[in-house]
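Peer 1:
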Amino acid sequence: MKQIKKNFKVLFVSSEVYPFAKSGGLADVSFGLPKAMSKLFDISIIMPLYSFIDKKQFAIEHVESSFKIVLGAKSYSVKIWSAMYEGMKCYFVESPLLSNKKNLYGTPQSGYKDNDIRFGLFCKAVVAFAKECKDYDLLHLNDWQSALCATFIQEDEAIETKTLFTIHNLAYQGIFEKESLEKLGLDANYFHMDALEFYGKINFMKAGIAHANMLTTVSPNYANEILTDAFGCGLDGFLNKHKNRLTGILNGVDSSHFSPKTDKALVQKYSVKTYDKKVKNKKAYLKERGIKDDTLPLFIFIGRFTSQKGVDLLIEALKELGDLNLHIAIIGDGEAIYHKQIKALAAKNKNIDIEFGYDELLSHKMYAAADFLLMPSLFEPCGLNQLISMSYGVIPIVSRVGGLRDSVYDIEKYDKELACGYGFSFDKNKPNTLLESIKKALALYEDKERFKEINLHNMGCNFSWSASAKEYATLYKSLLEPRA
Ligand code: ADP
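Per the numbering used here: the sequence shown = residues 75 to 558.
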């Protein structure tokens, strides 16, 4: 990578970045990936300044720029703040309409009605800021919330910055009424099937796909899946037209955030060399949750309660697990119907422990305490939980889809010579396969030596960003070098 000029300037644009604001994996990626890329490029991050972000806590004190943005008939004042966080320059876009909401995008039931203007404003402000700074070579855009940057750049002849658009989850596309186009001040010509039009509405995700110079998604297998009717969420035809610009690159894990060696949330840090100490975290966690028997295996589920995460499969399996010798700990938030069903099962079965909500600290303790992770997703662009769990010595039980297929190798074909992580994987379309995998996991737990060997093997694998960052660097380079 010697030939890459570190002075290429990249702005990484995301609607959520850990630790400032997080609703899921996008936030983890939006700090971990630019941090890994900063070894090769001059890269900074830009995100909205939501009012719930504590400016003092993160020393967000400096105003870089303030200006007005015109969207359609309205004008909005914008301030760009900045701060340094773990060596990364981070910019924050503040504007009342974008910033002054309780949540990032809405509630699990529905998105905020003005999300079109909120994120249209965010994108236009990002492009105005990049234009003011003059020297950005590349904008790396992420998901529908930042997709319109590609359109605003395409329609402005005064800015030559290249764009790369990463699809983190095709199921969320940013679909709004046709009238949004005018409110966003975009030309009526964009209401076209080759641009933003989508069944009579407008679709922000299409803007990124149509107008960015290059496209990526977060695993090689998902890159193939989204070209099919089963996983394309109505955009498979459109993506097929643009597939020559699409690459799948597997996500990594930022070890400064997720590593059992350094994780401050743990009562006992541990590594491959001190694996036997891991059990102290299990004992402490079970005690904290009021669970007595710490000899039984602990299975965890951490995630959003949506059909994507296979919550229906989880609930079906939970109905059968009450009599088995195991503990299950669940943390999540999402659709009310799932809350109700899981709550009822937990009330009936003493071995199911449930925490509703989002709790970063508790999730770290769960990874450190657990023996197995349940991830029965119906589709999974990449998934981070399985990567985090393998690096914490927790064996994943996953459905064979998307990035799970790329990152969890079949434990029945375990080969200690291969530097890949192993777990149980099953076919989500066949009945009872999750339950069968859980039973196989129970058998493995009894074989203490093999259980330990596989965990030590997984912990020794590299799930960091290093390999993927090189692949992104090659793409950045292919976009930027003709300009050098
Ligand atoms: P998603 O589709 O939700 O983005 P990923 O697997 O890509 O799923 O990333 C999920 C990230 O969010 C992981 O860091 C996981 O530990 C975390 N997470 C998910 N739900 C919760 C929760 N309820 N509390 C704490 N952390 C959570």
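The beta carbon of each residue, even a glycine, is placed where N, CA and C say it ideally should be.
Ends of the beta strand (DSSP E) at Y519?
Peer 2: Note, Y519: premise wrong, no beta strand (DSSP E); alpha helix (DSSP H) at 507-520.
Peer 1: Pick out the complete alpha helix (DSSP H) segments inside the stretch 293-332, 4 residues or longer, and give them in chain order.
Peer 2: Fully enclosed alpha helix (DSSP H) runs of 4 or longer: 294-299, 310-315.
Peer 1: Any heavy atom of ligand 1 closer than 8 Å to the beta-carbon of D102?
Peer 2: Yes - ligand 1 has a heavy atom lying nearer than 8 Å to the Cβ of D102.
Peer 1: Out of Q342, S254, S381, state which residue places its alpha-carbon closest to the alpha-carbon of A410.
Peer 2: Per the Cα distances, S381.
Peer 1: Report buried or exposed for K198, applying the criterion of at least 16 other Cβ atoms within 10 angstroms of its Cβ.
Peer 2: Flag for K198 reads buried.
Peer 1: Roughly how many whole angstroms lie between the Cα atoms of F193 and F239?
Peer 2: Computed Cα separation, rounded: 15 Å.
Peer 1: What's the gap between the Cα of G408 and the Cα of A232?
Peer 2: Those two C-alpha atoms are separated by around 43 Å.
Peer 1: Identify whether M158 lies in helix, strand or coil by the three-state DSSP scheme.
Peer 2: In this structure, M158 counts as strand in the three-state DSSP scheme.
Peer 1: Beta strand (DSSP E) containing L57: first to last residue?
Peer 2: No information on residue 57 is available, as it lies outside the stretch 75 to 558 that the chain covers here.
Peer 1: Could you tell me which residues DSSP puts in a beta bridge with C164?
Peer 2: In the DSSP output, where bridge partners are listed per residue, C164 has I119, A157.
Peer 1: Whole angstroms is fine: what's the gap from D433's alpha carbon to N263's?
Peer 2: Distance between the alpha carbons of D433 and N263: 45 Å.
Peer 1: Can you tell me whether V103 is helix, strand or coil according to DSSP?
Peer 2: Looking at V103 - three-state DSSP - the assignment turns out to be helix.
Peer 1: So, at 7 Å on beta carbons, what are the nonlocal neighbours of D303 in its own chain, with the 5 sequence-adjacent residues on each side left out?
Peer 2: Cβ neighbours of D303 beyond the five flanking positions: D310.
Peer 1: Can you list, in chain order, the residues of its chain with a C-beta nearer than 6 Å to that of Y150? Leave out the 5 residues immediately preceding and following it.
Peer 2: Excluding sequence neighbours, Y150 sits near I143, S169, L195.
Peer 1: Can you tell me whether DSSP reads M267 as helix, strand or coil?
Peer 2: Coil.
Peer 1: Considering only residues of the same chain and omitting the five flanking positions on each side of L461, which have a CB-CB separation below 8 Å?
Peer 2: Cβ within range, chain order: N325, G326, V327, S481, G495, F537.
Peer 1: Return the residue from the list G457, I426, K252, L387 that minimises the CA-CA distance to E510.
Peer 2: Cα-wise, what sits closest to E510 is L387.
Peer 1: Between I428 and ligand 1, is the CB less than 8 Å from at least one heavy atom?
Peer 2: No, since every heavy atom of ligand 1 falls outside the 8 Å radius drawn around the Cβ of I428.
Peer 1: Can you say whether F94 is buried or exposed, counting buried as having 16 or more other CB atoms within 10 angstroms of its CB?
Peer 2: With 16 or more Cβ atoms within 10 Å of its Cβ, F94 is classed as buried.
Peer 1: How many angstroms separate the CA atom of D367 from the CA atom of V468?
Peer 2: Cα-Cα distance, rounded: 19 Å.
Peer 1: Consider the Cβ of D268: report whether some Cβ of chain B lies at a distance smaller than 9 Å.
Peer 2: Absent from the structure is chain B; it holds one protein chain and no more.
Peer 1: Considering only their Cβ atoms, is the gap separating L398 from V425 smaller than 9 Å?
Peer 2: Per the sequence shown, the amino acid found at residue 425 is Asn instead of Val. Yes, Cβ-Cβ distance for N425 and L398 is below 9 Å.
Peer 1: Quick one: what's got a C-beta closer than 7 Å to K252's C-beta in the same chain, skipping five residues either side?
Peer 2: Excluding sequence neighbours, K252 sits near F265, G274, K275, I276.
Peer 1: In three-state terms, what does DSSP make of S149?
Peer 2: S149: strand per DSSP, three-state reduction.
Peer 1: Three or more C-beta pairs under 8 Å: does that hold for the stretch 278-286 against the stretch 217-237?
Peer 2: These segments touch.
Peer 1: Given a cut-off of 9 Å, decide if S473 and K502 are closer than it, judged by their beta-carbon atoms.
Peer 2: In this structure, S473 lies closer than 9 Å to K502 by Cβ.
Peer 1: With DSSP as the reference, identify every bridge partner of V91, one or two as the case may be.
Peer 2: A95, per the DSSP bridge assignment.
Peer 1: From F250 to S112, what distance separates their C-alpha atoms?
Peer 2: So the alpha carbons of these two residues sit roughly 35 Å apart.
Peer 1: Going straight from the alpha carbon of L114 to that of E90, what length do you get?
Peer 2: Spanning the two alpha carbons is a distance of roughly 23 Å.
Peer 1: For V472, list the residues DSSP reports as bridge partners.
Peer 2: Paired residues: M449, S499.
Peer 1: Tell me which residues share the same chain as K526 and place their Cβ nearer than 8 Å to its Cβ, disregarding the 5 neighbours each side in the sequence.
Peer 2: So the qualifying residues of the chain are Y349.
Peer 1: What residues are listed by DSSP as bridge partners for A358?
Peer 2: The partner list for A358 (beta bridge, DSSP) is empty, contrary to what the question assumes.
Peer 1: May I ask whether a heavy atom of ligand 1 can be found less than 8 Å away from the beta carbon of L458?
Peer 2: Yes, the beta carbon of L458 sits closer than 8 Å to at least one heavy atom of ligand 1.
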